[in-house]
Amino acid sequence: MKHLSDATVLHNGVKMPWFGLGVWKAKEGEEVENAVKSAIAAGYRSIDTAAVYQNEAGVGAAIKAAGVPREELFITTKVWNADQGYESTLQAFEESRAKLGLEYVDLYLIHWPVKGKYKETWKALEKLYKDGKVRAIGVSNFQVHHLEDLMADCEVKPMVNQVEFHPYLVQTDLRAFCKQAGIQLEAWSPLMQGEVFRVPLLQELAEKYGKTPAQIVLRWDLQHGVVTIPKSVNPERIKANADVFDFELSAEDMARIDALDKHHRFGPDPDNFDF
Numbered sequence: 001m002k003h004l005s006d007a008t009v010l011h012n013g014v015k016m017p018w019f020g021l022g023v024w025k026a027k028e029g030e031e032v033e034n035a036v037k038s039a040i041a042a043g044y045r046s047i048d049t050a051a052v053y054q055n056e057a058g059v060g061a062a063i064k065a066a067g068v069p070r071e072e073l074f075i076t077t078k079v080w081n082a083d084q085g086y087e088s089t090l091q092a093f094e095e096s097r098a099k100l101g102l103e104y105v106d107l108y109l110i111h112w113p114v115k116g117k118y119k120e121t122w123k124a125l126e127k128l129y130k131d132g133k134v135r136a137i138g139v140s141n142f143q144v145h146h147l148e149d150l151m152a153d154c155e156v157k158p159m160v161n162q163v164e165f166h167p168y169l170v171q172t173d174l175r176a177f178c179k180q181a182g183i184q185l186e187a188w189s190p191l192m193q194g195e196v197f198r199v200p201l202l203q204e205l206a207e208k209y210g211k212t213p214a215q216i217v218l219r220w221d222l223q224h225g226v227v228t229i230p231k232s233v234n235p236e237r238i239k240a241n242a243d244v245f246d247f248e249l250s251a252e253d254m255a256r257i258d259a260l261d262k263h264h265r266f267g268p269d270p271d272n273f274d275f
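With the first letter of the sequence shown counted as 1, position 87 gets the number 87 in full-length UniProt numbering; the numbers rise by one all the way through.
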């Protein structure tokens, strides 16, 4: 991982950038369009959105305006809980694709493991994948038991699992399971909703490496083999977030960050989520 364009290879051979822009809470219209355009101009090639973010049209407009060949970009979106089920997922995908203005999506995810529905939803994702409408399929917020349940009778194994992952939630068991299963782990909320700037150890390491606490954590993600998609709408911060390819954390410092783990979530618990 020496460059922003470096990619991991998913188990189906598709290349996915290690680093991307998340657009959760970026407002539809000018805000999200400017964020995506800034990211692409800074060298980002991966953009992560979702139906529930209600900004897919803005992401699509920014992609069009950026003038980068489509095949160089990696676009992710997700099916929302209310749309889960076989036919409804297929319909939701077409709506997302139309808003994005794309012929295909690079990665389509089940946003949350809605009990009693995610298996039917997964069948729809398998169909989209087989039909060539998506290059890769995966899940988000799935715990080990959800993955085991899904993989017991699926035809296509998930390629990605996007979960909350940061120094307060190191997800050791889930990471080990995904690695063994060949499922790429991806981090959402890697910067702990800004809390990284208030952690003394991260401030100490930032001074040591001449970086910011955010850059320390994003580098920690990458060295753990976890794809990361920090969210920002600020052009300078978007650029700064990606400035993590010119240094490496020592094994000792990686372990010190790991030791911050307190199983603390800033987002909902997938096992106790009001779907």
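Every residue, glycine too, gets a C-beta built ideally from N, C-alpha and C. Fair warning: this is a prediction, and the values are worked out from it, not measured in the lab.
message = Given the structure, does A98 come close to the ligand FMN, in the sense that its CB is under 7 Å from one of the ligand's heavy atoms?
response = Looking at this structure, you won't find the ligand FMN or any other ligand, since it has none at all.
At what residues does the beta strand (DSSP E) containing V160 begin and finish?
Position 160 of the sequence shown holds residue 160. Looking at the DSSP string, the run of the beta strand (DSSP E) that includes V160 is 160-164.
**Prompt:** Using a C-beta cutoff of 8 Å, does G101 count as contacting chain C?
**Reply:** Protein chain content of the structure displayed is limited to a single chain, and chain C is not contained in it.
Quick check: what's the CA-CA separation for F165 versus Q171? Counting from one through the sequence shown, the residue named residue 165 turns up at place 165. Counting from one through the sequence shown, the residue named residue 171 turns up at place 171. For the pair F165 and Q171, the Cα-to-Cα distance works out to about 7 Å.
Practice task
Report the partner residues of M16 according to the DSSP bridge assignment.
Solution key: For the purposes of this step, residue 16 is taken as the residue at position 16 of the sequence shown. In DSSP, M16 forms a bridge with T8.
8 Å contact criterion, which K37 and A7 should meet: CB distance rounded: Indexing the sequence shown from 1 puts residue 37 at position 37. Indexing the sequence shown from 1 puts residue 7 at position 7. So it is not a contact: roughly 22 Å between Cβ atoms.
Note to self: Let me check understanding here. Comparing Cα to Cα, which of I110, N272, K123 lies closest to E87?
What the structure shows: Along the sequence shown, one-based indexing puts residue 87 at 87. Among I110, N272, K123, the Cα nearest to that of E87 is on K123.
Exercise for the section: Give the straight-line distance between the Cα atoms of S250 and E94, rounded to the nearest whole angstrom. Expected result: In the sequence shown, the residue the question calls residue 250 occupies position 250. In the sequence shown, the residue the question calls residue 94 occupies position 94. Rounded to whole angstroms, S250 to E94 spans 45 Å at the Cα level.
ask   = Which class does K211 belong to by DSSP, given the choice of helix, strand or coil?
value = Here residue 211 is taken as the residue at index 211 of the sequence shown, counted from 1. In this structure, K211 counts as coil in the three-state DSSP scheme.
**Study point:** Chain-order list of residues whose beta-carbon lies under 6 Å from that of G22 (same chain, five-residue window excluded)
**Key:** Counted from its first residue, the sequence shown places residue 22 at position 22. Closer than 6 Å at the Cβ level, and outside the excluded window around G22, lie D48, I229, K231.
**Q.** Cβ-Cβ distance between N161 and L185 below 8 Å
**A.** Taking the first residue of the sequence shown as 1, we reach residue 161 at position 161. Taking the first residue of the sequence shown as 1, we reach residue 185 at position 185. Judged by beta-carbon spacing, L185 lies within the 8 Å limit of N161, meaning their Cβ atoms are closer than that value.
Would you please state the rounded distance, in angstroms, between the beta carbons of Y118 and V134? I believe it to be under 8 Å.
-> Taking the sequence shown and counting its residues from 1, the one referred to as residue 118 is at position 118. Taking the sequence shown and counting its residues from 1, the one referred to as residue 134 is at position 134. Not really, about 17 Å apart at Cβ, beyond 8 Å.
| said: Restricting to Cα atoms, I'd like to know which of A66, A92, V217 is closest to H111. | reply: Position 111 of the sequence shown, counted from the start, is the residue given in the question as residue 111. Nearest option by C-alpha distance: A92.
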